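Each number in the numbering used here corresponds to the 1-based position in the sequence shown with 42 added. Glycine residues also receive a C-beta, built at the ideal position from the N, C-alpha and C atoms. Note that the structure is a prediction, hence the values are computed from the model and not measured. Encoded as structure tokens, the structure appears first; notes follow it.
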Amino acid sequence: MRIGIAVARLIVAVATIAAIVATFTSVAATSPINPFNFFGFFTIQSNLLDIVVLLIGGLRLLRGTEPTRGWTVVRWAVADYMVIVGIVYAVLLAPLGAAGGVPVPWANTVVHVVTPIFALVDWFLAPDRLTTPLRLTWVLLLYPALWIAVVLVRGATDGWVPYPFLDPKHGYAFVAGMTAIVALAFVLVGLALRLADRVPPRLPARTALP
43 MRIGIAVARL IVAVATIAAI VATFTSVAAT SPINPFNFFG FFTIQSNLLD
93 IVVLLIGGLR LLRGTEPTRG WTVVRWAVAD YMVIVGIVYA VLLAPLGAAG
143 GVPVPWANTV VHVVTPIFAL VDWFLAPDRL TTPLRLTWVL LLYPALWIAV
193 VLVRGATDGW VPYPFLDPKH GYAFVAGMTA IVALAFVLVG LALRLADRVP
243 PRLPARTALP
């Protein structure tokens, strides 16, 4: 199972890279592209983080590297972000017909559906994590808080917002309410992911590459 999960991680990482490149190319072919806007989407940023975790995680599994607390928290955080990407897309964007910055249909499916589902399954099944201390739940909010702060500053200055529910035209009370809901969602999803701790998988002792 260890090798199978490692290979799956590498395949999903490559697919995600292809999806982001295809999206960037498609957008650039139709109009001048602002990289700050393109890479400003939480979906794109989270998937980039996920690519790093998938590649490193795949190699760690192939090498039989023992999990550490730091690696577990990184996996926990990125799994949290990816699950949120899937939930927000399904609940807030898809019903509006919004692509969330990913106009290429197959790429949209990869970064909004495939990667969130894989992140969830991978978190529960892959044997390279320790238990997740409740006292570290706050760590999950560091990156989302920074991202939202940047979005709100940009929305108030140059008017660019990545998602309709963060658009200042709805009023800042509405945006503040949605931000609070999203923040709560990060915490709740993070706590739900801790259910995997009930049966924490373990890697065998360090082994050489098969």
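query: Local conformation of Pro246 per DSSP, three classes; result: Here Pro246 scores only 48 on pLDDT, less than 50, and its place in the model should not be relied on; the value that follows carries that caveat. Correct three-state label for Pro246: coil.
query: Cβ-Cβ separation, Val193 to Pro186 (assumed contact under 8 Å), whole Å; result: Wrong, their Cβ atoms sit about 10 Å apart, outside the cutoff.
query: Beta-carbon spacing of Pro158, Val181 below 8 Å; result: no
query: Counted within 10 angstroms of its Cβ, other Cβ atoms place Thr72 as buried (16 or more) or exposed; result: exposed
query: Touching by the beta-carbon criterion (3+ pairs, under 8 Å), the region 213-226 and the region 162-176; result: no
query: CA nearest to the CA of Val146, picked from Gly99, Asp209, Val69; result: Val69
query: Top-ranked residue by Cα proximity to Val127, from Val152, Leu103, Ala64, Ala168; result: Val152
query: Pair within 8 Å by beta-carbon distance, Val95 and Arg111; result: no
query: Through-space distance from Ile59 to Leu90, alpha-carbon basis; result: 8 Å
query: From Ala238, Gly46, Ala48, Thr65, residue whose alpha carbon lies closest to that of Asn150; result: Thr65
query: Buried versus exposed call for Gly100 [16 or more other C-beta atoms within 10 Å across all chains shown]; result: buried
query: Cutoff 8 Å: Phe166 Cβ touching any chain B Cβ; result: The displayed structure is made up of one protein chain only, and chain B is not part of it.
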